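In what follows, a structure is listed as structure tokens, so that the remarks can point back to it.
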Ligand code: SF4
Ligand code: SF4
């Protein structure tokens, strides 16, 4: 699609539906969303208040969808929207929002600000005002499957290496497997040992799984940049692979946005319900725990705390599952302040960590997470999103904090009682 101001407006108008109109007209300007957003609390800059990030959407709604707004515009009392408005808001809409959902939770009148920022991004993309890093990642995801350039051959090599490491075959394109498992970009490039942990866990649980040669990547950069067209193409790839392989379900990995994209946005993007189950890895492990399939032995003696990924805990409801699994393998699990749905974001979700321009800002706002961690003095922090894991590692290093970051899945795999040969 050609990117232009006119296309931006054309893409944004249909997003202003009844819920958006209701949200915008019911804002009482209380400021509670500002107090919930780490970009505002950690910088003190009023421009980072979530409701301010929505200004282009609010102006378009007011000027074209309300009687008073239309009148004001006709009388020349309000300035028409311009390309400059989109350009000026790019930093606010992308660099200072992780789509974490905390503002939506805080709003006393139920305004879903996160949904509106996601919708606003549709207009920004069409207008040509989205970050270059995300645009390149979206292009790579469409042409090469992986947004970070992990080609099919490289993925096969990483899978084979991990299979050899744990001595368990990992089959690609196995027709009729129980589960099709997606792997995130970050796992391929930074945490490939996750593949070995998966092999051990599925073997121990007595379930079969496979990775699709044409849908081996979980990350949905379309959701992050805010393009339904890109997001739909990526979801369709997984849906086609699930049908081709005849699996009963698709497992999304330790990646928050991949879960959000496939589990919640996926059926809406495709215009129909899926005829297979979509489950997050942590939910599946907790199910196996409850069914007695996951037998562990011993526990970590480390003082462990948990970082709730926004898309799995706040927006996905998987916070109890993660804690049940943690208590299975941790002797000394300690909660930070604001645990579960109210936890603070790592600062790098929603495409922020894929946007080099936002690097300094995300390190600055990590101060909220740093305070939480310092207060409980853990030996390590555990999480269930590989993007959070990478952002936590980078940010802890930036702040000079030595604190290991662990994957919950890998931790559970480490304490498996026995893996049948
Ligand atoms: S979704 Fe999160 S980062 Fe974005 S405005 Fe709301 S609280 Fe801030
Ligand atoms: S919390 Fe809700 S009502 Fe209050 S300023 Fe934010 S959007 Fe408006």
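Numbering (our numbering), first residue to last: 185 to 605. Glycine included, C-beta positions come from ideal geometry on N, C-alpha and C. Predicted, not measured: the structure shown is a model, and the values here were computed from it.
Supposed close pair residue i, residue j - CB separation, criterion 8 Å
| i | j | result |
| --- | --- | --- |
| residue 518 | residue 560 | 5 Å |
| residue 364 | residue 434 | 5 Å |
| residue 565 | residue 587 | 6 Å |
| residue 367 | residue 356 | The pair is not a contact, with the Cβ atoms about 11 Å apart (cut-off 8 Å). |
| residue 301 | residue 283 | 7 Å |
| residue 498 | residue 335 | That belief does not hold up - the Cβ atoms of residue 498 and residue 335 are roughly 34 Å apart, past 8 Å. |
| residue 508 | residue 453 | That belief does not hold up - the Cβ atoms of residue 508 and residue 453 are roughly 31 Å apart, past 8 Å. |
| residue 331 | residue 405 | 5 Å |
| residue 446 | residue 422 | 6 Å |
| residue 214 | residue 233 | Between residue 233 and residue 214 the Cβ distance is about 11 Å, and since that is not below 8 Å, they are no contact. |
| residue 469 | residue 392 | 16 Å between Cβ atoms; not a contact. |
| residue 287 | residue 297 | 4 Å |
beta-carbon residue i near ligand 1 non-hydrogen atom, thresh 7 Å
| i | result |
| --- | --- |
| residue 285 | yes |
| residue 220 | yes |
| residue 409 | no |
| residue 223 | yes |
| residue 301 | yes |
Beta-bridge partners of residue i, as assigned by DSSP
| i | result |
| --- | --- |
| residue 519 | Answer is none; residue 519 lacks a bridge partner. |
| residue 608 | This structure gives no information on residue 608, because the portion of the chain shown stretches from 185 to 605. |
| residue 590 | 566 |
| residue 227 | According to DSSP, which records beta bridges pairwise, residue 227 is partnered with nothing at all. |
| residue 545 | Residue 545 is not bridged to any residue. |
| residue 610 | With the chain represented from 185 up to 605, any question about residue 610 goes unanswered, as that position is not in the structure. |
| residue 600 | 480 |
| residue 394 | 364 |
| residue 401 | 367 |
| residue 514 | 484 |
From the options, residue whose alpha carbon lies closest to that of residue i
| i | options | result |
| --- | --- | --- |
| residue 572 | 333, 583, 495, 558 | 495 |
| residue 398 | 602, 232, 325, 308 | 325 |
| residue 409 | 520, 186, 441 | 441 |
| residue 653 | 209, 224, 538, 527 | The shown model of the chain, from 185 to 605, leaves out residue 653, and the question about it has no answer. |
| residue 371 | 497, 391, 437, 319 | 437 |
| residue 428 | 596, 417, 394 | 394 |
| residue 413 | 391, 385, 305, 458 | 305 |
| residue 339 | 310, 369, 314 | 369 |
| residue 198 | 260, 303, 468 | 303 |
| residue 598 | 521, 383, 332 | 383 |
| residue 558 | 490, 534, 472, 525 | 490 |
| residue 191 | 267, 238, 253, 252 | 267 |
| residue 349 | 515, 308, 377, 216 | 377 |
| residue 312 | 444, 445, 245, 186 | 186 |
| residue 552 | 212, 211, 225 | 225 |
| residue 520 | 455, 556, 477 | 556 |
| residue 528 | 542, 493, 515 | 493 |
| residue 374 | 595, 591, 506, 293 | 591 |
| residue 401 | 430, 360, 443 | 443 |
| residue 202 | 500, 220, 550, 295 | 295 |
| residue 483 | 511, 463, 353 | 511 |
| residue 431 | 460, 419, 407 | 460 |
| residue 323 | 352, 387, 418, 308 | 418 |
| residue 196 | 533, 403, 309 | 309 |
| residue 262 | 472, 189, 244 | 244 |
heavy atom of ligand 2 below 7 Å from residue i C-beta
| i | result |
| --- | --- |
| residue 212 | yes |
| residue 281 | no |
| residue 292 | yes |
| residue 235 | yes |
| residue 530 | no |
| residue 217 | yes |
| residue 241 | no |
| residue 385 | no |
| residue 297 | yes |
Cβ of residue i within 8 Å of any chain D Cβ
| i | result |
| --- | --- |
| residue 215 | The structure shown has no chain D; it contains just one protein chain. |
| request: Please list the segments of the alpha helix (DSSP H) lying wholly inside the segment 329-363, counting only runs of 4 or more residues, in order along the chain. | output: 336-350
| field | Sequence ranges, beta strand (DSSP E) only - wholly within the segment 470-504, length at least 3 | value | 484-491
| said: Suppose only complete runs of 4+ residues qualify. What are the alpha helix (DSSP H) ranges in the segment 430-470, listed by chain order? | reply: 440-443, 450-454
| field | Whole runs of the alpha helix (DSSP H) within the segment 248-278, excluding any shorter than 4 residues | value | 251-258, 267-274
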